[in-house]
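Let me begin by presenting the structure, written as structure tokens, before commenting on it.
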Amino acid sequence: MTKKKLYPAILVKDAKKAIAAGSRLELEIVDSEGKQGFAWRPYLIDEDGDKFIIVKTDLAPKDILYSSSLISFGQELGLTHFDTLPIPDTNKYRVRG
451 MTKKKLYPAI
461 LVKDAKKAIA
471 AGSRLELEIV
481 DSEGKQGFAW
491 RPYLIDEDGD
501 KFIIVKTDLA
511 PKDILYSSSL
521 ISFGQELGLT
531 HFDTLPIPDT
541 NKYRVRG
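Taking this note's numbering, the leading residue of the sequence shown gets 451, the next gets one more, and so forth.
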């Protein structure tokens with residue numbers, strides 16, 4: 451079993467409220483069982499710098515497999531843009547060029 455850092459969790463609906471109040475979104479590339487082999491995993495960084503993993507209602511990480519889903523997720527959170535967007539490594543993942 452691999453060790454993974456555990457973060458406190460926040461639901462998507464609560465993350466939306468926190469972002470409206472000044473928290474920010476951070477995205478990270480993680481390995482995934484999806485057809486491309488990767489997903490974006492969103493985290494909320496609050497005003498104090500604390501990091502929360504954004505989860506669905508079943509407390510599973512809200513991993514995002516497709517760029518169109520990532521845009522929809524940003525819209526759901528009320529974002530107009532992403533401050534940073536990590537790009538997957540084309541040598542490691544099946545990314546269309």
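Even for Gly, the Cβ is constructed at its ideal location relative to N, Cα and C.
Go ahead and pull the three-state DSSP assignment for residue i.
i: L520; result: helix
i: D438; result: The structure shown does not extend to residue 438, since the chain is modelled only from 451 through 547, so no value can be given for it.
i: A459; result: strand
i: M451; result: Confidence in M451 is poor, its pLDDT being 42 and thus under 50, which makes the residue's placement unreliable; the coordinate value appears in the next sentence. Coil at M451, not helix or strand.
i: I469; result: helix
If you follow the beta strand (DSSP E) that residue i is part of, which residue opens it and which one closes it?
i: K501; result: 501-505
i: R544; result: Careful: R544 lies outside any beta strand (DSSP E) and carries neither H nor E.
i: P492; result: 488-495
Measure the beta-carbon distance from residue i to residue j and round it to whole angstroms, keeping in mind my assumption that it falls under 8 angstroms.
i: K620; j: P492; result: Since the first and last residues shown for the chain are 451 and 547, residue 620 lies out of range.
On the criterion of 16 or more Cβ atoms from any shown chain inside 10 Å, does residue i qualify as buried, or is it exposed?
i: A510; result: exposed
Going by CA-CA distance only, name the one from the options that's closest to residue i.
i: R474; options: T540, D533, D539; result: D533
i: E478; options: L461, L520, A468, A465; result: L520
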